Amino acid sequence: MGEFSIFHWLVVLAIILIFFGGRRIPEVMKGLGEGIRSFKDGMSGAAAGAGTQAAPSNSLVSPSGLTAKSGEGQVVLNWGAANGASSYNLKRSGTSGGPYARIASISATSYTDAGLPPGSVFYYVVSSTNGSAESDNSVEVSATPA
Numbered sequence: 003m004g005e006f007s008i009f010h011w012l013v014v015l016a017i018i019l020i021f022f023g024g025r026r027i028p029e030v031m032k033g034l035g036e037g038i039r040s041f042k043d044g045m046s047g048a049a050a051g052a053g054t055q056a057a058p059s060n061s062l063v064s065p066s067g068l069t070a071k072s073g074e075g076q077v078v079l080n081w082g083a084a085n086g087a088s089s090y091n092l093k094r095s096g097t098s099g100g101p102y103a104r105i106a107s108i109s110a111t112s113y114t115d116a117g118l119p120p121g122s123v124f125y126y127v128v129s130s131t132n133g134s135a136e137s138d139n140s141v142e143v144s145a146t147p148a
């Protein structure tokens, strides 16, 4: 009862031909083979040996040197420019480690976050963007407006 007879295989073949047509079978089998190969690579840990896949050439680095200087009701932020970046996403959180909310998307490498309540600690990170990709967040800095 659990075995396929030749009749069952013919029915399966007929259904495949009806759904895909004779000319699409090689495409379907190629896609199936690529899917199985990808699954096997993922299961065997091939991702750990990243030599099989090169990093994209347009990958962005995080901006470096983020600094925060407290002022009266404001925080002045500065960071170093990142190669390939066309703009920067500045993010803020009320807790260390995030979650961060984007407060500005600018092309400059400095920003003044104004209108902040005095005595509250704010945590900042910045990431670089080029229109098609965004880098990881920078190192977190904190400041307490006066």
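Each residue of the sequence shown is one higher than the one before, counting from 3 in our numbering. The C-beta atom is built at its ideal place from N, Cα and C for all residues, glycine as well. Just so it is clear, the structure is predicted and the values come from calculations on it, not from any experiment.
For residue i, does the three-state DSSP call read helix, strand or coil?
i, result
"Glu36", "helix"
"Val143", "strand"
"Leu15", "helix"
"Phe124", "strand"
Which whole-angstrom value describes the C-beta separation of residue i and residue j, a residue pair presumed to lie in contact below a C-beta threshold of 8 Å?
i, j, result
"Val141", "Leu68", "6 Å"
"Ser72", "Thr146", "6 Å"
"Val143", "Ala70", "4 Å"
By how many angstroms is the C-alpha of residue j removed from the C-alpha of residue i?
i, j, result
"Phe41", "Met31", "15 Å"
"Thr131", "Ile105", "15 Å"
"Leu12", "Phe21", "14 Å"
"Ala116", "Gly35", "57 Å"
"Ala87", "Val78", "21 Å"
"Thr111", "Ser137", "15 Å"
Going by the C-beta, is residue i closer than 6 Å to any heavy atom of the ligand PLP?
i, result
"Thr114", "This structure does not include the ligand PLP; it has no bound ligands of any sort."
(request) Jot down the residue ranges of each uninterrupted beta strand (DSSP E) in the stretch 50-119, minimum 3 residues, whole runs only, in chain order. (result) If we require 3 residues or more, the beta strand (DSSP E) runs fully inside the stretch 50-119 come out as 69-73, 76-80, 89-95, 103-108, 112-116.
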